[in-house]
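Numbering (the numbering used here), first residue to last: 150 to 880.
Report on one structure; see the data block that follows.
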Amino acid sequence: MKKYILDVQLPNINKRLSYYIKSERDIESGSLVDVPVSEKSYLGIVESSKEFIGQENLSELKFVNSIYEKKFFNDDLYKLYKFICEYYFVTPSSALKLFPSFNMKLLSKNKVKISKKGQEVLECSLLFSDNLKDLLEQLNRREYDLSYIKSKYKDTFRYALSERLVDMVSETNIRNDKANLDLYKKADEIEKYENLSILNDEQDRAFKYFKGYLNRNSELSLVGTTGSGKTEVYLKLIVEVLKKGKNAMLLLPEITLATHFVDMLEKRFPNLVYVWHSQLGKSERNKLLNIITNLTEKIFIGPRSLIFLPINDIGIIIVDEEQSENYKQDDFIRYDARILARERARYNNCPVLYVSATPSVDLGKRILDGEVFSYYLSKRFGEFSLPKINIVKRNNFYGSFSEEFINSLKEVKEKKEQAIIFVPRRGFYPFVSCADCGELVKCKNCDVPMCVHVIKGKRVYVCHHCGYKFTTDPVCKKCSGLNFKQYGAGSQKITEELKNIFPDANVERIDSDSVNTYSKLKAVLKDILDGKIDFLVGTQIITKGLNFPKINFVGIPFLEPLTSIPDFRSFEKLYQLLVQVTGRAGRYSMGGKVVIQASEDQVPIIRKYTTISYWDFLLEELELRKDMFCPPFSYEVMFRWNGKLTEVKDEAKKFREILKEVYVLFENRDIKVTAPKFCPILRLHGNYRMYSLIRFKDKDVRKDFLEILLKRYSPKNKKIFIVDVDPLYYF
């Protein structure tokens, strides 16, 4: 038996610790180990191992408590972990926290501990083998997993067991849990799922096109107008993957909204669907994590965090609604699951398929450049036409709704159809200002306006960023005025107005205030599907893939002013929003209708964006981006400081000087630098904010630049400093 020295990385310590272990087999990088730190034990990952050759002092090293089978952190997850560290410039300890394997409680198996007789043998001065001494010394400190003991000591364990030097203290085994977890419940032959849906000619051509890529790594894109049946195409591809004995991963931007979709999948593929999301309890998560590596021919569905699960034998990774910004994490490590899906597909030598009616501009350019193989579905499934879109100027009427808007809702009610009303903001009044001087009522912690909500009949001022609330009438901070005006209409106000206009209609609202639990959301979505709701009012949440047969009208009372989004992606977001929202109407019937109420300056761009194709929009947008040196023609990194004013200013000043030094080393390398300055939203959560943005023409130059910069710059308080590679949120 050989002795090994292991360098182990823990999720909560920013340096590697060394341990030693005896083993008859080599210990691979990426293996999970349980190791002692002070008086506690932690799960860590083996970064490197070397055989002990007698030169090191083992007395200073602690024993590894146990080593788990590598299945809990498989080869491709280890590669993904290393990629995250390198690409996003984060510490290994931080990167490990992304992986559920390090937050799970591994289900207990048979445990072994030293017996009373074994304790006596250990304490006496009898001579016995080194292996037996090692076994008893380790067991004296804690219980061990049976599989670990057997793999490490084998014959020694048999001897210790026969001599009653050890006790078996637990008989729990994950394989005995199959009754609850359906682990070994084998589905009928997968071929029976092939004929559950019939594709039209266009869908069938798309399916056959992508089928040719299933046996190799490639990036694919299924683009199609809303309602064109993209889902059915990729479900048939999933069947092909299952037939090969492999697993399929399906990423969705918002899994909680897809309850009816998941229900459909579970009915279509009984015992094959496993769902992962934040609403799962700890015990449910632990159970799934403990069986997941044994599963094959399964469909795994979840949001961006699904990409970190230890799933083996992946045959395809599908990223549905690829355009969604939900795939980008906006706190902690700011990873993009679309990029990680691409990498994990590469490690598994399988395709990644991006699906969207309006792909991100970044993906669109890669399609045009031939880096991603794409197929376009041009027609709605069932030959239904796209909805008719009417634009009504807001200066032609008073109040929230035009005559055409109201008449359209009346028609919906008469025909016993359903309608969606999209509202950009939640609450009752989005803005409140002083009637005397015009000063906005702002949050005491954030440099943003307070929004008025009505809660249990009372007016409550709420900050949508930090959650600060107050109920007393405000006093103007500028002129001490006591009179205030309310502006705009949030989802709560629109809902109340519709209830007053249509007292016999069932009007429901979906936003983060009204459906703040998974069970509430599921109940509302079921009521829509069952036809119990006439009008559904909602914020951005209703634009994310909701698909209901009776929705035949979509109304947009107003849109955000274009100038309210100081972002080069603002036109992309508007185009995607209009296509996605209007695409909810008339998916299963003829005569779908959309009414958009817009201000004078919004009408031209809305009229344009509701008539041009995605490809025409893409070409126009790429031309603008190229002139501005914006992604996808550059690669960005943003630095931000959040903290006390003096602390933020001092750190930004120090960063600026170091940035100048590093920039000189990369002159004439097509780098555009925005020096540190205050963010447009100066304060959030009580913290002052500054940022610096750098754009690079070459991705490798960005990597080299950041390596030097981040070695030279290190803030005193690391908690106030953020590095965001490929940022989507700027202000």
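Backbone N, C-alpha and C define an ideal beta-carbon position, used for all residues, glycine too.
Source: prediction; values computed, not measured.
Terminal residues of the alpha helix (DSSP H) in which residue i lies
{"i": "aspartate 224", "result": "224-236"}
{"i": "tryptophan 790", "result": "Premise fails: tryptophan 790 lies in the beta strand (DSSP E), 784-792, not in any alpha helix (DSSP H)."}
{"i": "arginine 491", "result": "486-496"}
{"i": "glycine 513", "result": "510-517"}
{"i": "phenylalanine 720", "result": "719-731"}
{"i": "leucine 771", "result": "763-777"}
{"i": "serine 640", "result": "640-650"}
{"i": "phenylalanine 550", "result": "Careful: phenylalanine 550 lies outside any alpha helix (DSSP H) and carries neither H nor E."}
{"i": "threonine 408", "result": "408-417"}
{"i": "glutamate 433", "result": "431-440"}
{"i": "arginine 756", "result": "752-758"}
Limits of the beta strand (DSSP E) - the one that residue i falls within
{"i": "proline 829", "result": "820-833"}
{"i": "valine 186", "result": "181-186"}
{"i": "isoleucine 448", "result": "448-451"}
{"i": "valine 504", "result": "501-505"}
{"i": "leucine 685", "result": "684-687"}
{"i": "tyrosine 169", "result": "166-172"}
{"i": "leucine 458", "result": "Note, leucine 458: premise wrong, no beta strand (DSSP E); not H, not E."}
{"i": "phenylalanine 580", "result": "580-583"}
{"i": "leucine 247", "result": "Per DSSP, leucine 247 belongs to no beta strand (DSSP E) and is neither H nor E."}
Reduced DSSP category for residue i - H, G, I as helix; E, B as strand; rest coil
{"i": "valine 561", "result": "helix"}
{"i": "serine 274", "result": "No answer about serine 274 holds up, because its pLDDT of 41 lies below 50 and its placement is not dependable."}
{"i": "alanine 568", "result": "strand"}
{"i": "histidine 426", "result": "coil"}
{"i": "serine 465", "result": "Checking the sequence shown, residue 465 turns out to be isoleucine, not serine. Three-state DSSP puts isoleucine 465 in a strand."}
{"i": "lysine 669", "result": "helix"}
{"i": "lysine 392", "result": "helix"}
{"i": "arginine 608", "result": "strand"}
{"i": "glutamine 871", "result": "The identity of residue 871 in the sequence shown is isoleucine, whereas the question assumes glutamine. It is a strand residue."}
{"i": "lysine 327", "result": "With a pLDDT of 38 at lysine 327, under the threshold of 50, the modelled position of this residue cannot be trusted; read the value that follows with caution. Of the three classes helix, strand and coil, the one that applies to lysine 327 here is helix, per DSSP."}
{"i": "glycine 376", "result": "coil"}
{"i": "lysine 335", "result": "In this prediction, lysine 335 has a pLDDT of 41, which is less than 50 and means its spatial position is unreliable; what the coordinates show is noted afterwards. Three-state DSSP puts lysine 335 in coil, outside helix and strand."}
{"i": "glycine 735", "result": "coil"}
{"i": "arginine 575", "result": "coil"}
{"i": "glycine 740", "result": "coil"}
{"i": "phenylalanine 356", "result": "helix"}
{"i": "glycine 267", "result": "helix"}
{"i": "leucine 284", "result": "helix"}
Pick from the options that is closest to residue i, judged by C-alpha positions
{"i": "leucine 535", "options": "Thr240, Asn366 and Ser762", "result": "Ser762"}
{"i": "glycine 179", "options": "Arg354, Asp156 and Val186", "result": "Asp156"}
{"i": "serine 863", "options": "Ala407, Asp799 and Met777", "result": "Asp799"}
{"i": "leucine 371", "options": "Lys699, Glu381 and Arg365", "result": "Glu381"}
{"i": "serine 582", "options": "Glu560, Glu415, Tyr610 and Ser454", "result": "Tyr610"}
{"i": "phenylalanine 522", "options": "Lys211, Leu455 and Ala355", "result": "Ala355"}
{"i": "alanine 824", "options": "Val510, Glu810 and Arg818", "result": "Glu810"}
{"i": "leucine 438", "options": "Tyr423, Glu446, Val728 and Ser367", "result": "Tyr423"}
{"i": "leucine 192", "options": "Asn836, Phe222 and Lys605", "result": "Phe222"}
{"i": "lysine 395", "options": "Lys867, Cys828, Ile448 and Arg515", "result": "Ile448"}
{"i": "tyrosine 362", "options": "Glu389, Ser377, Phe717 and Leu348", "result": "Glu389"}
{"i": "leucine 210", "options": "Ile450, Cys612, Lys757 and Ile170", "result": "Ile170"}
{"i": "valine 686", "options": "Leu678, Val664, Arg658 and Phe702", "result": "Arg658"}
{"i": "isoleucine 441", "options": "Pro160, Lys220, Leu833 and Leu314", "result": "Lys220"}
{"i": "proline 419", "options": "Trp425, Val411 and His426", "result": "Val411"}
{"i": "threonine 620", "options": "Lys634, Met599, Ser640 and Ser841", "result": "Met599"}
{"i": "aspartate 683", "options": "Tyr524, Leu558, Phe571 and Leu348", "result": "Leu558"}
{"i": "aspartate 175", "options": "Ile154, Ser167, Val184 and Ile569", "result": "Ile154"}
{"i": "glycine 704", "options": "Pro715, Ser663 and Ser640", "result": "Ser640"}
Those residues which DSSP pairs with residue i across a bridge
{"i": "arginine 844", "result": "Glu785 and Lys821"}
{"i": "valine 541", "result": "Gln746"}
{"i": "tyrosine 362", "result": "Tyrosine 362 pairs with nothing; no bridge assigned."}
{"i": "lysine 199", "result": "Ile154"}
{"i": "valine 850", "result": "Its beta-bridge partners do not exist; DSSP assigns none."}
{"i": "proline 598", "result": "Lys591"}
{"i": "arginine 483", "result": "The partner list for arginine 483 (beta bridge, DSSP) is empty, contrary to what the question assumes."}
{"i": "isoleucine 659", "result": "Gly687"}
{"i": "asparagine 836", "result": "Leu833"}
{"i": "tyrosine 524", "result": "Leu371"}
{"i": "lysine 211", "result": "Tyr168"}
{"i": "lysine 803", "result": "According to DSSP, which records beta bridges pairwise, lysine 803 is partnered with nothing at all."}
Q: Tell me the start and end of each unbroken beta strand (DSSP E) in the segment 611-638 that is at least 3 residues and wholly inside, in chain order.
A: 633-636
Q: Counting only runs of 3+ residues fully inside the segment 692-717, write out the beta strand (DSSP E) ranges in chain order.
A: 700-705
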